[in-house]
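**Q** Pasting a structure here, questions to come.
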Amino acid sequence: MSKAQQSYPVQIEQLLLQGGRVLDPQVNLDKVTDVHIMNGKIKKIGKVDAKSFKGQIVDCQDKLIIPGLVDMHVHLREPGREDKETIETGCRAAMAGGFTAVCCMPNTQPPIDSRSHVEFIKERSEGFLVDVHPIAAVTKGLQGEELTEMGDMTDGGAVGFSDDGWPVKQASLLRRALEYAKMFGHPIIDHCEELSLSEDGVMHEGFVSTGLGMKGIPSISEEITVARDLLVAEYTGGPLHIAHVSTKGSVRLIREAKKRGVSVTAETCPHYLVLTDEAVRSFNTNMKMKPPLRTDEDQQALIEALQDGTIDVIASDHAPHAIEEKETEYNTAAFGIIGLETTLGIVMTHLIAKGLITLEEMIQKMAVNPRKILRLAECSIQVNASANLTVLDPNIDWTIDKTTFYSKSRNTPFDGWPMKGGCLGVLNKGQLFLNC
Amino acid sequence: MQLKSRHLLGLEGMTKEEIHLILDTARSFKKVLERPIPTVPTLRGKTVVNLFFEPSTRTRFSFELAEKRLSADTVNFTASASSVLKGESLKDTIQNIEAMRIDLVVIRHKAEGAPYFLTRCVNATVINAGDGAHEHPTQGLLDMMTLREKMGKLEGLKVVIVGDIEHSRVARSNIHGLKSVGAQVGVCGPSTLIPREIEKLGVTVYPHIEDALQEADVLNILRIQLERQKGGLFPSLREYRSLFGITKERLDRTARDITIMHPGPLNRGVEIDSDVADSDYSVILNQVTNGVAVRMAVLYLLAGKRAKF
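Protein chains in written order, with numbering that gives the first Met the number 0: chain W, 0 to 435; chain H, 0 to 308.
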């Protein structure tokens, strides 16, 4: 598939999704039937006579119709690094990857740390099929010193607060942030990393880093901050969300905290579920991200955490980088990989098809929970609700090919991976997008 | 027999047979070096670039001499006198150099994996002359050549590497190479400089030098760098010397015949005392001599993989 064959969303008044398995655990819906959509709203869930239907019909036989997926952790790079990604290209990548909403992190240039910046993102994405929900900075300029105007930014459309890329360094500041955020209910999302333990590490510290002689980032770099954050969340009662959990120790801490009733949620990313630090032996710089790829044992713990609900969300941490930032020595390569166009395939192929999580669990972790955590409008498949849907093809065999990405960037570790199951299309705001 | 790879990136994964092939070849070249005219035409018409992004005396001279003894054309690149200072990337640097038609690249770089990265950028044969703390395969080979020469065999030898294992490419290449040929390897040094899970590489960790001295046939003593002390990894050179310094008293106390190696440059009075470095136990200068022969062997075996001659 070349760029020329990429497709665009179209506005559709009357749409019939015919004969798909309609699945929404929120309303206990699971049946093979038709869905009639009129002007962006669900008109009917049930048999519709196709012969007399005036409008577009999409054959959904053997396809799955589920609530629109949300990727709650992406970097869209606009403003500042439009050479890597823009809000528009990021949204197109999201669409192609099966998402109807994304939440973009504030570490842009300048950072999203005031209402006008939040509104800039909202304006730039207005009218797009994909809803863009900005996550604003916790501290002004991401400097870790002064709180941002969370109230004003919430009014402007911010759905969470994070200094992602950096941890909230001072415990005192995290305390105030969590206390303050309680007034608005949107979470503080922390990138948990004790920088004095990571130093200039480039990969997980363990047997593989020992063999390669590379500077390691120990598990405790993440876990110390997770532990601190959990204590502060417990003390303040503020809403905490732990971004990109990668270690067994973090899982254990979060599980214990949840048992105690701490107001905490957590996410992990597809790469931690299918890759380990062994992949760094290739010196492929697309294996470099923060937190780093960990061990088999960590991977196992993350999968168990998805199964028992300790981890609430799967998010991509889509982090576009320019070619020259990755085609370099491992030590100097940028941290981060893109994931909007691979997450769904990886989850379907490597988690669902292998029986590690169910389809319903995927819907919880990629559609329902992110909306709950960020207090987004509920999205369920019912008559008169907005038609915010993702259509999956669970049987399609395809291969990840970075040259066909809608994203501007190409930094994926999954190029060439065979996939079973992917996105047929998405529907939101009356716009239909179908993957060609 | 031939080497499996057309590059020499590390000793990890290299077979015993391959290592002995290189050492046997090096032994022949060592005889060449003892002739009145120590030059052979083997690499005539081949161009070798020595790409040194880190300071090096011994290794760079040794490679250059090996190339000249083989009649190759050599070009030297040092980062301080190059466009790297103008911000040129490694990929651009090497592709520009290759555009001038070269056959082999010898690279020394501070980034682990840099030689692997080069193999993806160019068609030339790549020889790793040290990449960060990862590998320094020709050092590992010359250490093995020196040991084989002195002890007659490598199998079953007990070699203990002493010092900053964590940051040492020499240690890693020695571990992989020696394990492959059937020697036993131990490491000894401050526990802050012993990397995690190193036992899984099949080496014994000695927390105390006295225990290592009781068992070792050979000590390979690494240079301890002052910057590590500044980085908080050990409190002082004084304490380092008192815990791990190889002194004549320590050696005398064992009353055993222990061969002393050191990859250089030496910190006399810190990790090794002068009367040890200059003693009969020491093979430090033999290592340097053998370095040229080993590098000739590597160049010969790898260049031969591209064109028969």
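We put the CB at the ideal spot given by N, CA and C, even for glycine.
Would you say Glu222(W) faces chain H, with C-beta separation under 9 Å as the test?
**A** Residue mapping note: residue 222(W) aligns to position 223 of the first sequence, counting from 1. For Glu222(W), the answer is no, since every Cβ of chain H falls outside 9 Å of its Cβ.
**Q** Give a yes or no on whether the minimum CB-CB distance between Gly212(W) and chain H is below 9 Å.
**A** Sequence index remark: in the first sequence, residue 212(W) carries index 213 (1-based). For Gly212(W), the answer is yes, since a Cβ of chain H falls inside 9 Å of its Cβ.
**Q** Tell me the residue span of the beta strand (DSSP E) that contains Asp23(W).
**A** Here residue 23(W) corresponds to residue number 24 of the first sequence, with the count starting at 1. Note, Asp23(W): beta strand (DSSP E), 13–23.
**Q** Nearest CA to the CA of Ala135(W): which residue from Glu222(W), Gly156(W), Ser197(W)?
**A** As a working note, residue 135(W) is residue 136 in the first sequence. With distances taken between Cα atoms, Ala135(W) lies closest to Gly156(W).
**Q** When every heavy atom of the ligand PLP is checked, does at least one fall within less than 8 Å of the C-beta of His6(H)?
**A** With respect to small molecules bound, the structure shown includes none, and the ligand PLP cannot be examined in it.
**Q** So with CB distances below 7 Å, who are the chain W contacts of Tyr115(H)?
**A** Indexing the second sequence from 1 puts residue 115(H) at position 116. Residues of chain W passing the Cβ test: Phe282.
**Q** Within this structure, are the beta carbons of Gly215(W) and Glu204(W) separated by less than 9 Å?
**A** Residue numbering aside, residue 215(W) sits at position 216 when the first sequence is read from its first letter. Residue numbering aside, residue 204(W) sits at position 205 when the first sequence is read from its first letter. Going by C-beta atoms, Gly215(W) is nearer than 9 Å to Glu204(W).
**Q** Beta-carbon within less than 6 Å of Arg45(H)'s beta-carbon, same chain only, minus the 5 sequence neighbours each way: which residues are those?
**A** Residue numbering aside, residue 45(H) sits at position 46 when the second sequence is read from its first letter. Per the sequence shown, the amino acid found at residue 45(H) is Lys instead of Arg. Within the same chain, Lys45(H) has close Cβ partners Ala71, Asp102, Ala302.
**Q** Taking Cβ-Cβ distances shorter than 9 Å, what residues in chain H pair up with Tyr405(W)?
**A** As a working mapping, residue 405(W) is identified with position 406 in the first sequence. Ordered by position in chain H, no residue passes the 9 Å Cβ test against Tyr405(W), which lies about 26 Å from the chain.
**Q** May I have the straight-line CA-CA distance separating Val34(W) from Leu28(W), to the nearest angstrom?
**A** Walking along the first sequence from the start, residue 34(W) turns up at place 35. Walking along the first sequence from the start, residue 28(W) turns up at place 29. C-alpha separation (whole angstroms): 12 Å.
**Q** What are the residues that DSSP puts in a beta bridge with Asn309(H)?
**A** Given that chain H is displayed from residue 0 to residue 308, the structure contains no residue 309(H) and the question cannot be resolved.
**Q** Which residues of chain H have a Cβ atom closer than 8 Å to the Cβ of Gly205(W), listed in chain order?
**A** The sequence position of residue 205(W) within the first sequence is 206, counting from 1. Residues of chain H passing the Cβ test: Arg195, Glu196.
**Q** At the 9 Å Cβ level, is Arg267(H) part of the contact set with chain W, yes or no?
**A** Here residue 267(H) is taken as the residue at index 268 of the second sequence, counted from 1. Arg267(H) does not count as touching chain W.
**Q** By Cβ distance below 6 Å, which residues in the same chain neighbour Cys208(W) in space, the five residues on each side in sequence not counted?
**A** The sequence position of residue 208(W) within the first sequence is 209, counting from 1. Here the sequence assigns Ser to residue 208(W), which means Cys is not the residue at that position. So the qualifying residues of the chain are Met202, Gly215.
**Q** Could you check which residue in Glu77(W), Asn38(W), Thr32(W), His72(W) has the C-alpha nearest to that of Leu63(W)?
**A** Counting from one through the first sequence, the residue named residue 63(W) turns up at place 64. Checking every option, the nearest Cα to that of Leu63(W) belongs to Thr32(W).
**Q** Could you tell me the alpha carbon to alpha carbon distance between Leu2(H) and Lys152(H), rounded to whole angstroms?
**A** Here residue 2(H) is taken as the residue at index 3 of the second sequence, counted from 1. Here residue 152(H) is taken as the residue at index 153 of the second sequence, counted from 1. So the two alpha carbons sit approximately 21 Å from each other.
**Q** Listed in chain order, which residues of the region 301–332 of chain W have Cβ atoms closer than 8 Å to some Cβ of chain H?
**A** If the cut-off is 8 Å between Cβ atoms, the region 301–332 of chain W has Glu323, Glu326, Thr327, Glu328, Tyr329, Asn330, Thr331 near chain H.
**Q** So, is the C-beta of Thr209(W) closer than 9 Å to a C-beta in chain H?
**A** Numbered from 1 along the first sequence, position 210 holds the residue referred to as residue 209(W). Yes, Thr209(W) lies at the interface with chain H (some Cβ there is under 9 Å from its Cβ).
**Q** Please report how far the alpha carbon of Glu178(W) lies from the alpha carbon of Ile351(W), in whole angstroms.
**A** As a first step, residue 178(W) must be located in the first sequence, where it is residue number 179. As a first step, residue 351(W) must be located in the first sequence, where it is residue number 352. When rounded, the distance between both Cα atoms is 38 Å.
**Q** What did DSSP end up calling Met286(W) once you bin it into helix, strand or coil?
**A** By 1-based counting over the first sequence, the position of residue 286(W) is 287. Helix at Met286(W).
**Q** I need the straight-line Cα distance from Val244(W) to Gln60(W), nearest angstrom please.
**A** Within the first sequence, residue 244(W) is the residue found at index 245, counting from 1. Within the first sequence, residue 60(W) is the residue found at index 61, counting from 1. Using only the alpha carbons, I get a separation of about 37 Å.
**Q** Restricting to runs no shorter than 4 residues, where is the alpha helix (DSSP H) found entirely within the region 129–166 of chain W?
**A** 149–155, all fully within the region 129–166 of chain W.
**Q** Could you pull out every unbroken alpha helix (DSSP H) segment of at least 4 residues lying fully inside the region 258–303 of chain H, listed in chain order?
**A** Runs found: 273–276.
**Q** Give a yes or no on whether 9 Å exceeds the smallest Cβ distance from Ser79(H) to chain W.
**A** Start at 1 with the first residue of the second sequence, and residue 79(H) comes out as number 80. Not closer than 9 Å to any Cβ of chain W, the Cβ of Ser79(H) fails to qualify, so no.
**Q** Any C-beta of chain W sitting closer than 9 Å to the C-beta of Lys67(H)?
**A** Numbered from its first residue, the second sequence carries residue 67(H) at position 68. No, because no Cβ of chain W sits closer than 9 Å to the Cβ of Lys67(H).
**Q** Within this structure, are the beta carbons of Gly176(H) and Glu214(H) separated by less than 9 Å?
**A** Walking along the second sequence from the start, residue 176(H) turns up at place 177. Walking along the second sequence from the start, residue 214(H) turns up at place 215. No, these two residues do not count as a Cβ contact at 9 Å.
**Q** Run through DSSP, which three-state label would His19(H) get?
**A** Position 20 of the second sequence, counted from the first residue, corresponds to residue 19(H). His19(H): helix per DSSP, three-state reduction.
**Q** How many angstroms separate the CA atom of Val48(H) from the CA atom of Pro37(H)?
**A** Against the second sequence, residue 48(H) aligns to sequence position 49. Against the second sequence, residue 37(H) aligns to sequence position 38. Roughly 21 Å separates the two Cα atoms.
**Q** Between which residues of its own chain and Ala386(W) is the CB-CB distance below 7 Å, once the five residues before and five after are set aside?
**A** Here residue 386(W) refers to the residue found at position 387 of the first sequence. Excluding sequence neighbours, Ala386(W) sits near Ile36, Gly39, Lys40, Ile41, Leu426.
**Q** Going by the beta-carbon positions, is the gap between Lys247(W) and Asp311(W) smaller than 9 Å?
**A** Stepping through the first sequence from its first residue, residue 247(W) is reached at position 248. Stepping through the first sequence from its first residue, residue 311(W) is reached at position 312. No. Outside cutoff.
**Q** Helix, strand or coil: which one does DSSP assign to Met347(W)?
**A** As a working mapping, residue 347(W) is identified with position 348 in the first sequence. If DSSP states are grouped into helix, strand and coil, Met347(W) belongs with the helices.
**Q** Which runs of the alpha helix (DSSP H) fall wholly inside the region 230–265 of chain W and span at least 4 residues, in chain order?
**A** Here the runs fully enclosed are 247–259.
**Q** Look up Gly420(W) in the DSSP assignment and say whether it is helix, strand or coil.
**A** Locating residue 420(W) in the first sequence gives position 421, where the first residue counts as 1. Looking at Gly420(W) - three-state DSSP - the assignment turns out to be strand.
**Q** So with CB distances below 9 Å, who are the chain W contacts of His133(H)?
**A** In the second sequence, the residue the question calls residue 133(H) occupies position 134. In chain order: Gly210, Leu211, Gly212, Met213.
**Q** Rounded to whole angstroms, what is the Cα-Cα separation between Glu221(W) and Cys103(W)?
**A** Here the question's residue 221(W) lines up with position 222 in the first sequence. Here the question's residue 103(W) lines up with position 104 in the first sequence. If you take the alpha carbons of Glu221(W) and Cys103(W), they lie about 22 Å apart.
**Q** Distance, Cα to Cα, Lys29(H) vs Lys149(H)?
**A** Within the second sequence, the letter at position 30 stands for residue 29(H). Within the second sequence, the letter at position 150 stands for residue 149(H). About 15 Å.
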